[in-house]
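Numbering (this note's numbering), first residue to last: 7 to 327. This report refers to the structure that appears directly beneath it.
Structure representation (structure tokens):
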């Protein structure tokens, strides 16, 4: 009898849970979402489900179907293998890309969401909202490059420093805004000035103990990215770099003799966003001063100092063709 009742209940819950996860393929990779419900235990066929919350737990499927989906209320965010929240020392307070709403009455108007979100999927009990897409790109900071192409350069350094010629100054407080550019994660905390022997362009930096993610909105297309790496301490270092969803540089050994290493790769932009992340395989092994200069077109710099990423950027973006 117990088995029969369990099979009966699961059969009815299964259909409702299938409805709840019917939008998993609509959440794009490299985005975040939050969840909400009027009741995680309420079932159309069984009424109030006791002891377990199947509708709350099955929604975790949204995390794993596509790549790099961040559920911002995930309890694991308290641990260091979930860096979105861990590196902010508290739950992430940024803007989610999607909201999954479950089991609300038809009279619910979602007035807190409608100004900034579009309803992109709806069933009897499920509604998926997506943050409004970028309508206009802010290209006011871009300049004319060769063959009629636009380009943009960034110089990441302290607010009191002079940016390099033709560069946009990006300080530790420059947060990303839709249509523009800036830090997506919690921005770096410290302004840093290197040794006098380092040329002035790369001497001034901003630093943090946290990984930095810098995003730029730009027209869709193929973009050629050139990265320069140089170690200015006595050790060699292993570097990785992700541009959008591509691991374009992996296990690159940067020698200790101050040799500049150049890497060129092409990234296809399809959603009007270019996001670059640079990191090492073992931050604790990074020695005192490793300078990594990553360029989009011709220049983004990132330093590591005692496992602290120190970012300095002269950043130029140009289409590949």
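Ideal Cβ placement from N, Cα and C applies to all residues, glycine included.
Would you check if the distance between the CB atom of residue i and the CB atom of residue j is smaller than 8 angstroms?
i           : j           : result
residue 260 : residue 245 : yes
residue 75  : residue 39  : yes
residue 62  : residue 46  : yes
residue 226 : residue 278 : yes
residue 267 : residue 220 : no
residue 224 : residue 272 : no
Can you check DSSP and say which residues form a bridge with residue i?
i           : result
residue 156 : 150
residue 133 : 107 and 128
residue 139 : Bridge partners of residue 139: none, in fact.
residue 279 : 223
residue 188 : 221
residue 251 : Answer by DSSP bridge pairing: none, since residue 251 is not bridged.
residue 117 : DSSP, once it has assigned bridges, lists no residue as partnering residue 117.
residue 177 : BP columns for residue 177 are empty, so no partner.
residue 162 : 176
residue 274 : 228
residue 246 : 285
residue 54  : 48
residue 63  : According to DSSP, which records beta bridges pairwise, residue 63 is partnered with nothing at all.
residue 39  : 77 and 104
residue 257 : According to DSSP, residue 257 bridges with nothing at all.
So, at 6 angstroms on beta carbons, what are the nonlocal neighbours of residue i in its own chain, with the 5 sequence-adjacent residues on each side left out?
i           : result
residue 37  : 103
residue 248 : 283
residue 116 : none
residue 174 : 147 and 160
residue 258 : 245
residue 107 : 42 and 133
residue 29  : 127 and 134
Taking its Cβ as the centre, do 16 or more other Cβ atoms sit within 10 Å of residue i, making it buried, or is it exposed?
i           : result
residue 133 : buried
residue 161 : buried
residue 229 : buried
residue 169 : buried
residue 6   : Here the chain comprises residues numbered 7 to 327, so residue 6 is not present and cannot be evaluated.
residue 191 : buried
residue 233 : buried
residue 250 : buried
residue 149 : exposed
residue 58  : exposed
residue 51  : exposed
residue 84  : Below a pLDDT of 50, predicted positions are generally treated as unreliable, and residue 84, at 49, falls in that range; no measurement from the model is reported.
residue 126 : exposed
residue 21  : exposed
residue 163 : buried
Looking only at its own chain, which residues have a Cβ that is under 7 angstroms from the Cβ of residue i, when we skip the five neighbours before and after it?
i           : result
residue 105 : 39, 40, 42, 119, 123 and 135
residue 165 : 177
residue 255 : 233, 245, 246, 247 and 269
residue 142 : 185
residue 183 : none
residue 172 : 149 and 159
residue 33  : 39, 68, 72, 75 and 104
residue 138 : 122, 123 and 124
residue 79  : 40 and 41
Residue i and residue j look like a contact to me (Cβ under 8 angstroms); what is the Cβ gap, rounded to whole Å?
i           : j           : result
residue 222 : residue 280 : 5 angstroms
residue 49  : residue 19  : 6 angstroms
residue 147 : residue 158 : 6 angstroms
residue 185 : residue 144 : 5 angstroms
residue 73  : residue 121 : With 8 angstroms as the limit, residue 73 and residue 121 do not qualify as a contact, their Cβ atoms being about 29 angstroms apart.
residue 31  : residue 71  : 6 angstroms
residue 129 : residue 25  : 5 angstroms
Excluding the 5 residues preceding and the 5 following residue i in the sequence, name in chain order all residues of the same chain whose CB lies nearer than 8 angstroms to its CB.
i           : result
residue 27  : 64, 65, 67 and 68
residue 23  : 60, 61 and 64
residue 242 : 259, 260, 261 and 262
residue 253 : 246 and 247
Between residue i and chain C, is any beta-carbon pair separated by less than 8 angstroms?
i           : result
residue 167 : No chain C is present in this structure, which holds just one protein chain.
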